[in-house]
Amino acid sequence: MSNERREEAKTLLSRYPYPLFSVTQFPFSPTDEDIACFAKQIRKDIILSTYAAGSGHPGGSLSSTDLLSVLFLDVMRHRSNEPKWSNRDFVIFSKGHVSPLLYALFAETGYIPREKLATFRDFQSPLQGHPSNLWLEPVEVSTGSLGQGLSVGVGLALALKKKQSSQRVFVLCGDGESQEGQIWEAVMSAAHYRLNHLTLIYDYNNLEIDGWVEDVMGIAPVKDKFESFNWHVFETDGHYIPAIREAFAKALQVSDRPAVLVARTSKGKGVSFMENQADWHGKAPNRDQMLQSIDEIEKEDLLQKC
Ligand SMILES: [Mg+2]
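Our numbering applies: residue 14 is where the sequence shown begins, and numbers increase by one.
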């Protein structure tokens, strides 16, 4: 059965044009429509890779899709034909369980063939359940143990600052993840060292594996917390592409301290039965759910402001 799912996913993945853009160096001044088209494909990839594996984390992957689509196409300097390019910016998925999103981003920007997504979580596949830089070259930092990625980002940004490099570090973390004490040690350190080349993308979808974040361990008010730690905070709609672009543009202007995008998002965004459901934190769609998800994603207008 598992192999049948993988074969079917591979066939479905091959239906879409590849690559989406004939560029290997980013950013490339995309239009809002380019980014929306990209995000739509990323969502389909997330559904198909988790369907193929029969496991994985679609909810948080879909929640961060629009933010990371803007980052990969419009903000971050990177080259898919040269993953270790010496002047690249860095991205760290502190919430490493949203690996289906990371692998989809790698596929749609040309780092790996799209059909590879059908091997997600397979034994010996480079697309491990949590990203590993030992298995896949474009992965900068192996993550999965929650709360640790931001600390690595702080160390990296500090090293770059001491080298007077213009390279930037972007870290993605979740709201549930920020219940980890280590996150706040890293937040304190980043402000202390005035790491202006560090940008945190805070996916504020209000849900975590066990339910509503505020029921499990309240974290509000997030904006006030970051500001009290002396970060520059930009709040944004995490699904409206023009707003995300504007928030990143402003964050990159900050020159004296770290910046955070506190992005209001919906877990499972784009698939009706997954949206705002903690149950879809770490569960794969069955065949009917996969087909319905693809259908809904294809019909969604991502440039329609909610
Ligand atoms: Mg969350």
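In this text, a Cβ means the ideal position worked out from N, Cα and C, and glycines have one as well.
Original post:
When the Cα of LEU163 is compared with those of ILE310, ILE196, GLU240, ASN243, which residue comes out closest?
Top reply: ILE196
Subject >> DSSP three-state assignment for GLU248, whether helix, strand or coil >> reply: strand
Subject >> Coil, strand or helix - ILE125 by DSSP >> reply: coil
Original post:
Nearest CA to the CA of ASP135: which residue from TRP225, PRO113, ASP237, THR122?
Top reply: PRO113
**OP:** Would you identify the three-state DSSP class for LEU86, choosing helix, strand or coil?
**Re:** helix
Original post:
Going by DSSP, which residues form a beta bridge with GLY224?
Top reply: GLU221
Subject >> Unbroken beta strand (DSSP E) run spanning ILE105, endpoints >> reply: 103 to 106
Original post:
Per DSSP, what kind of secondary structure is TYR253 in: helix, strand or coil?
Top reply: coil
Original post:
So, HIS91 versus GLN54, is the Cβ gap smaller than 9 Å?
Top reply: no
Original post:
Can you pull the DSSP bridge partners for TYR215?
Top reply: CYS186, VAL275
Original post:
If we ignore side chains and look at the alpha-carbon of each, how far apart do ASN243 and ASP269 end up?
Top reply: 10 Å
**OP:** Compare the beta carbon distance of VAL182 and VAL104 with 9 Å and say whether it is the shorter of the two.
**Re:** yes
Subject >> 7 Å CB neighbourhood of THR122 in its chain, flanking five on each side removed >> reply: PHE39, PHE85, SER93
**OP:** With DSSP as the reference, label HIS91 as helix, strand or coil.
**Re:** strand
**OP:** Specify the secondary structure class of PHE39 as computed by DSSP and reduced to three states.
**Re:** strand
Original post:
Under a Cβ-count criterion, where at least 16 other Cβ atoms within 10 Å of its own Cβ denotes burial, should ARG300 be classed as buried or exposed?
Top reply: exposed
Original post:
Got a sec, what are the start and stop residues for the alpha helix (DSSP H) TYR29 sits in?
Top reply: Neither: TYR29 is in no alpha helix (DSSP H) and is coded neither H nor E.
Original post:
For ARG127 versus SER27, is the C-beta spacing smaller than 9 Å?
Top reply: yes
**OP:** Would you mind reading off the limits of the alpha helix (DSSP H) that contains ALA49?
**Re:** 45 to 66
Original post:
Regarding SER74 and ligand 1, is the C-beta to nearest heavy atom distance less than 8 Å?
Top reply: no
Original post:
Mind checking whether the beta-carbon of GLU221 lies closer than 8 Å to any heavy atom of ligand 1?
Top reply: yes
Original post:
ALA199 CB to nearest chain B CB: under 9 Å?
Top reply: Absence of chain B from the displayed structure is noted, only one protein chain being present.
Subject >> Nearest-angstrom Cα separation, counted from ARG56 out to SER178 >> reply: 34 Å
Subject >> Straight-line gap, SER279 to ALA52 (C-alpha atoms, nearest Å) >> reply: 15 Å
Original post:
In its own chain, which residues sit with a C-beta less than 6 Å from the C-beta of ASN146, not counting the 5 before and 5 after it?
Top reply: VAL152, SER155
Subject >> Boundaries of the alpha helix (DSSP H) in which PHE133 is found, first to last residue >> reply: Here PHE133 belongs to no alpha helix (DSSP H), and DSSP marks it neither H nor E.
**OP:** Give a single yes or no on whether LYS280 has its beta carbon closer than 8 Å to a heavy atom of ligand 2.
**Re:** Ligand 2 is not part of the structure shown, which contains ligand 1 as its ligands.
Original post:
How about LEU274 and LEU213: do their beta carbons lie closer than 9 Å?
Top reply: yes
**OP:** Provide the residue span of the alpha helix (DSSP H) that contains MET201, from first to last.
**Re:** 194 to 205
**OP:** Could you say if the stretch 60 to 79 and the stretch 245 to 256 meet the contact criterion of at least three C-beta pairs nearer than 8 Å?
**Re:** yes
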